[in-house]
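S.K.:
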Amino acid sequence: MKYLSLEVRNWGPYRGKHSLDLTTSPGKPVVLIFGENGKGKTSLTDAIRWCLYGSEGSERSGARYANRDELSKGAPFDVEVKLRFSHDIDKPDEDPNNHEVFELRRSFVAKPDERSKKFKVMETDQSASLLIDGKPVDAQVISSWVEALMPREMSRFFIFDGEELIRLKDAIENGVEGVIRESLASVMGVPAITDLEDSLRKTQKQLDKQLQAANAHARYSEELTVLSARLEKKREERDQVVRDLEETRKRINDLRESLLRSKDTQAVIEDENRLKAELKVVERDLSIQQDEIRQFLHENWWLPLSSEIRKTLDREARGRSISKQRQELEWNVKRMKEASGNNTCGTCGQALPANGDLETRITDLESKIRDLESDEAAQLGFSEKFREPGEKKILLENHFRSSRELLKKKSDIAIALRRVNDRLAGTDKQSMAEIIQRKEREDKREGQLSEIKKALGGAIDDLEAEMSILRKKISRDGGIGGGVLRHSKAVGQVLDVMRRVRESLVGKVRNEIQTVATENFLQIVHNQASSDQSGRDYTGLTISDDFVIRAGQNRYGEKQNLNYGHSMLVVYAFVAALISVSDAVGAWIIDTPGARLDQVNLEAVWRFLAARNDQVIVFPHSNELTLSQAGTWLGDRVSARYELISVGGRDSDSEIRRVRS
Amino acid sequence: MSKTGKQIAVSEAVAVNKSLSDSMFSEEEVGLIVRLAWTARRSNSTIKGDVYEKIARLIEDVSKRHVSDEAGSVEG
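Quick mapping for you: the protein sequence lines, in order, are chains E and H. Here the first sequence is numbered in my numbering, starting from 154 and rising by one per residue. Here the second sequence is numbered in my numbering, starting from 1152 and rising by one per residue.
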């Protein structure tokens, strides 16, 4: 980081716009800005600080620097600071674009507070902008840009106020507090490592996901292999079943042909089968009838009336007997009447009794018939009270009748079967039955095999579907594996290297700072006028883990304590070392460097500053550096000289004048 | 001439990388990664993303080269 220019408007004692060219050339790192007390030296260093960090990040608000002359007019006015600086980028030095130019602008509108009798300023309409190589940067990230180049906490070292030398001395003698230590780490570049680590961790996470996918890929492949084996086995099983099925069907065909060859026998057998089937039906129906009868007999409807029924049945039987007798008598009467003129019966030709006897006997017989009719009517009549049991009895009789009919039918079928057997007597019935039985077995096996084939087909379809899904997954995750593993390993290696660099970086840089600070310190001491030789015995400074700086041993191996003056010089030596190791800062702004130094040490410091390669912008008071001293101590190492003067003797209207050498 | 933090980090990274028995990276590659990391540090988010992308590509290329080297050695 090198400052190029500073422009202020209505800032502090500078009414209107004023600018400073801060560019330095190789071999001329120093810019001198002379100013007496109250002429605006500190205002300018504060302008730089305010421009970098704003009011929130600064110890002094911008409102404090609103120009008093402008304020006295009572109208709002703009206050603005513009800072241009360059920053080296990672390109060869001979590349003209090896640096970026930053233009940072910060402003606000100052309004006198009318309620206050004093000059109280309202800082309104604050704005900030940053251009990098002419391209604007999002306002939200301006502070992070500036922090990356020069952490605010460290700015007090790099925008250095000689008045605060004692505070800085205390800071580095007692160790730096946490915030500064972090800033120090930032200046050393630790965030560059941690940011890269974060980025690489994200890459590694993505690779881990891919590796997980690759693992899944391997699992899918394994599953696919297992499924392939199962599929192969199932296919073999199915092929075997298909072969069995074909053989079975062939046997069935052979058996069918055998059966067809003896068609007559087949017809007889079919008759036999039909009769057997009919017999089965009859036997079933008979069984049903017998069950019905048994059911009737098991019912108790007839039990209380059984005697009456029996009686009725007896009477019916008697009635039927009487009826038969009557019929016989009527036949006799008829026969006698037919033969009334003959001696023989006209029907049967038997000899008949004489006529007188016949008439008597006919009369007698007709009388008997009448008696019998009366008796028959009496015997055959049903009592009303026996009607229901009687009906049931009829049903029962129907069942008996049906049973008798079925028995007869069964008997007829048995006869028919005997006839069929007789017809089959001359055929190889047993052989046919065996063929049929075999065919039935083969038919059954064909059914079973067909079922197995169907089931195997379903299993094969399922396996193929499952394998197809796996193949799709494998195809989707394809092309990963070994390459990802290598890539992940490579990222892991870089992460490992960066972690170890980060862990050791602070220590290494501290050692470097210690070495450079020691060199700086010895150089400053060496620069001292011959009147003070006490520091020449120092051989080194030590910087602890907490960045506490102590004097090392002298050339005789004795521990040295730093005196007050040397302690101040250590601050310069330390900050200069810090700037040397920081690739970001690269410039040093010092306000009144000699404020806390005696003349001997001040001269040593001036000589030291002039010998540096990094840019140094110094704001000396005239009693810290005269023009002749500048010529002696700084020689031709000065790029530009400025003088801060008051216009008309007013403190609120300073000007910046370039002093031509 | 003093070393800057970046230079120290580069030296350190090269030394650490050298100490790895199976490092896939050359001295120049590790140094470049560190220098790029420093570039990313002071860049805006877009450039930063580009720089990290560049580093990621470099690492991936190294890993690919390593695979092809291995394949070559197997074939050889």
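Note that CB positions come from ideal geometry on N, CA and C, so glycine has one too.
Nearest chain E C-beta to residue 1156 of chain H closer than 7 Å, yes or no?
M.R.: The residue you call residue 1156 of chain H lines up with position 5 of the second sequence. With 7 Å as the cut-off, residue 1156 of chain H counts as an interface residue toward chain E.
S.K.: By DSSP's criteria, residue 240 of chain E is part of a beta bridge. Which residues make up the other side?
M.R.: Your numbering for residue 240 of chain E matches position 87 in the first sequence. DSSP, once it has assigned bridges, lists E:253 as partnering residue 240 of chain E.
S.K.: Could you compute how far the alpha carbon of residue 297 of chain E sits from the alpha carbon of residue 303 of chain E?
M.R.: Stepping through the first sequence from its first residue, residue 297 of chain E is reached at position 144. Stepping through the first sequence from its first residue, residue 303 of chain E is reached at position 150. For residue 297 of chain E and residue 303 of chain E, the distance between alpha carbons rounds to 10 Å.
S.K.: Please give me, in chain order, every unbroken run of the alpha helix (DSSP H) with length at least 4 that falls completely inside the segment 292 to 373 of chain E.
M.R.: 295 to 302, 308 to 311, 318 to 327 and 331 to 341
S.K.: Under 7 Å, Cβ to Cβ, is there at least one residue of chain H near residue 739 of chain E?
M.R.: By 1-based counting over the first sequence, the position of residue 739 of chain E is 586. Not closer than 7 Å to any Cβ of chain H, the Cβ of residue 739 of chain E fails to qualify, so no.
S.K.: In the DSSP output, which residue or residues are listed as bridge partners for residue 794 of chain E?
M.R.: Start at 1 with the first residue of the first sequence, and residue 794 of chain E comes out as number 641. DSSP output for residue 794 of chain E lists E:185 and E:812 as bridge partner(s).
S.K.: Please report whether the beta-carbon of residue 1192 of chain H lies at a distance below 7 Å from any beta-carbon of chain E.
M.R.: Stepping through the second sequence from its first residue, residue 1192 of chain H is reached at position 41. By this cut-off, residue 1192 of chain H is an interface position.
S.K.: Can you tell me where the alpha helix (DSSP H) holding residue 1176 of chain H begins and where it ends?
M.R.: Against the second sequence, residue 1176 of chain H aligns to sequence position 25. Unbroken run through residue 1176 of chain H: none, as it is neither H nor E.
S.K.: Show which residues of chain E have a CB atom less than 7 Å away from the CB atom of residue 1163 of chain H.
M.R.: For this step, residue 1163 of chain H is matched to residue 12 along the second sequence. Ordered by position in chain E, the residues that pass the 7 Å Cβ test against residue 1163 of chain H are 654, 657, 658 and 661.
S.K.: Distance, Cα to Cα, residue 548 of chain E vs residue 554 of chain E?
M.R.: What you label residue 548 of chain E is simply residue 395 of the first sequence in a count that begins at 1. What you label residue 554 of chain E is simply residue 401 of the first sequence in a count that begins at 1. The alpha-carbon atoms of residue 548 of chain E and residue 554 of chain E are separated by roughly 9 Å.
S.K.: For residue 262 of chain E, return the contacting residues in chain H, with the cut-off set at a CB-CB distance below 7 Å.
M.R.: Start at 1 with the first residue of the first sequence, and residue 262 of chain E comes out as number 109. Within chain H, no residue comes near residue 262 of chain E; the closest Cβ sits about 28 Å away, beyond 7 Å.
S.K.: Any idea if residue 484 of chain E is buried or exposed, counting beta-carbon neighbours within 10 angstroms, 16 or more meaning buried?
M.R.: Translated into positions along the first sequence, residue 484 of chain E becomes position 331. Classification of residue 484 of chain E: exposed, given that the 10 Å Cβ count is below 16.
S.K.: Alpha carbon to alpha carbon, how far is residue 606 of chain E from residue 431 of chain E? Give it in angstroms, no decimals.
M.R.: Taking the first residue of the first sequence as 1, we reach residue 431 of chain E at position 278. Taking the first residue of the first sequence as 1, we reach residue 606 of chain E at position 453. Answer to the nearest angstrom: the Cα atoms are 38 Å apart.
S.K.: Does the beta carbon of residue 1211 of chain H come closer than 7 Å to any beta carbon on chain E?
M.R.: Looking up residue 1211 of chain H in the second sequence gives position 60. So yes, residue 1211 of chain H belongs to the interface.
S.K.: First and last residue of the alpha helix (DSSP H) that includes residue 718 of chain E?
M.R.: For this step, residue 718 of chain E is matched to residue 565 along the first sequence. Looking at the DSSP string, the run of the alpha helix (DSSP H) that includes residue 718 of chain E is 717 to 734.
S.K.: So residue 661 of chain E and residue 1180 of chain H are supposed to be a Cβ contact under 8 Å. How far apart are they, rounded?
M.R.: Counting from 1 along the first sequence, the entry for residue 661 of chain E is found at position 508. Counting from 1 along the second sequence, the entry for residue 1180 of chain H is found at position 29. Actually they are not in contact, since the Cβ atoms of residue 661 of chain E and residue 1180 of chain H sit about 21 Å apart, beyond 8 Å.
S.K.: Judging by CA-CA distance, which residue of E:765, E:731, E:715 and E:680 is the nearest neighbour of residue 756 of chain E?
M.R.: Indexing the first sequence from 1 puts residue 756 of chain E at position 603. Cα-wise, what sits closest to residue 756 of chain E is E:680.
S.K.: Name, please, each residue of chain H whose Cβ falls closer than 9 Å to the Cβ of residue 152 of chain E.
M.R.: Residue 152 of chain E is absent from the structure shown; chain E starts at 154 and stops at 814.
S.K.: Taking the alpha helix (DSSP H) that residue 754 of chain E falls in, what are its first and last residues?
M.R.: Reading the first sequence from its first residue, position 601 is the one you call residue 754 of chain E. Residues 752 to 763.
S.K.: Can you list the residues of chain E that residue 1172 of chain H reaches, using a CB-CB cut of under 9 Å?
M.R.: Here residue 1172 of chain H corresponds to residue number 21 of the second sequence, with the count starting at 1. Within 9 Å Cβ-Cβ: nothing; residue 1172 of chain H doesn't reach chain E, min ~11 Å.
S.K.: Take residue 223 of chain E and list the residues in its own chain whose beta-carbon comes closer than 8 Å to its own, dropping the five residues that flank it on each side.
M.R.: Within the first sequence, residue 223 of chain E is the residue found at index 70, counting from 1. If we look at residue 223 of chain E and ignore the five residues flanking it on each side, its Cβ neighbours are 163, 168, 230 and 263.
S.K.: Suppose contacts are defined by Cβ-Cβ distances below 7 Å. Is residue 179 of chain E in contact with residue 768 of chain E by that definition?
M.R.: Residue mapping note: residue 179 of chain E aligns to position 26 of the first sequence, counting from 1. Residue mapping note: residue 768 of chain E aligns to position 615 of the first sequence, counting from 1. For residue 179 of chain E and residue 768 of chain E, no; Cβs fall outside 7 Å.
S.K.: Can you give the Cα-Cα distance for residue 551 of chain E and residue 426 of chain E, rounded to whole angstroms?
M.R.: For the purposes of this step, residue 551 of chain E is identified with residue 398 of the first sequence, where counting begins at 1. For the purposes of this step, residue 426 of chain E is identified with residue 273 of the first sequence, where counting begins at 1. Cα-Cα distance, rounded: 31 Å.
S.K.: Are three or more beta carbon pairs between the segment 429 to 443 of chain E and the segment 561 to 571 of chain E nearer than 8 Å?
M.R.: yes
S.K.: Name, in chain order, the residues that DSSP records as bridge partners for residue 219 of chain E.
M.R.: Position 66 of the first sequence, counted from the first residue, corresponds to residue 219 of chain E. DSSP, once it has assigned bridges, lists E:164 as partnering residue 219 of chain E.
S.K.: Could you tell me if residue 226 of chain E is buried or exposed, where buried requires 16 or more neighbouring beta carbons within 10 angstroms of its beta carbon?
M.R.: Here the question's residue 226 of chain E lines up with position 73 in the first sequence. Exposed: under 16 other Cβ atoms inside 10 Å.
S.K.: With H, G and I counted as helix, E and B as strand and the rest as coil, what does DSSP make of residue 552 of chain E?
M.R.: For the purposes of this step, residue 552 of chain E is identified with residue 399 of the first sequence, where counting begins at 1. Helix.
S.K.: Measuring alpha carbon to alpha carbon, tell me which of E:295, E:275 and E:315 ends up nearest residue 283 of chain E.
M.R.: If you number the first sequence from 1, residue 283 of chain E lands on position 130. With distances taken between Cα atoms, residue 283 of chain E lies closest to E:295.
S.K.: Drop a sphere of 10 angstroms on the beta-carbon of residue 849 of chain E, count the other beta-carbons inside from all chains shown, and report buried for 16 or more, exposed for fewer.
M.R.: What the structure shows of chain E is the stretch from 154 to 814, and residue 849 of chain E is not part of that stretch, so it cannot be assessed.
S.K.: Between which residues of its own chain and residue 619 of chain E is the CB-CB distance below 8 Å, once the five residues before and five after are set aside?
M.R.: Taking the first residue of the first sequence as 1, we reach residue 619 of chain E at position 466. For residue 619 of chain E, where only same-chain residues beyond five positions count, the Cβ hits under 8 Å are 380.
S.K.: Report yes or no: do three or more beta-carbon pairs, one from the segment 567 to 576 of chain E and one from the segment 371 to 378 of chain E, lie closer than 8 Å?
M.R.: no
S.K.: Which chain E residues are close to residue 1177 of chain H, counting only those with a beta carbon under 8 Å from its beta carbon?
M.R.: By one-based count along the second sequence, residue 1177 of chain H stands at place 26. Within 8 Å Cβ-Cβ: nothing; residue 1177 of chain H doesn't reach chain E, min ~12 Å.
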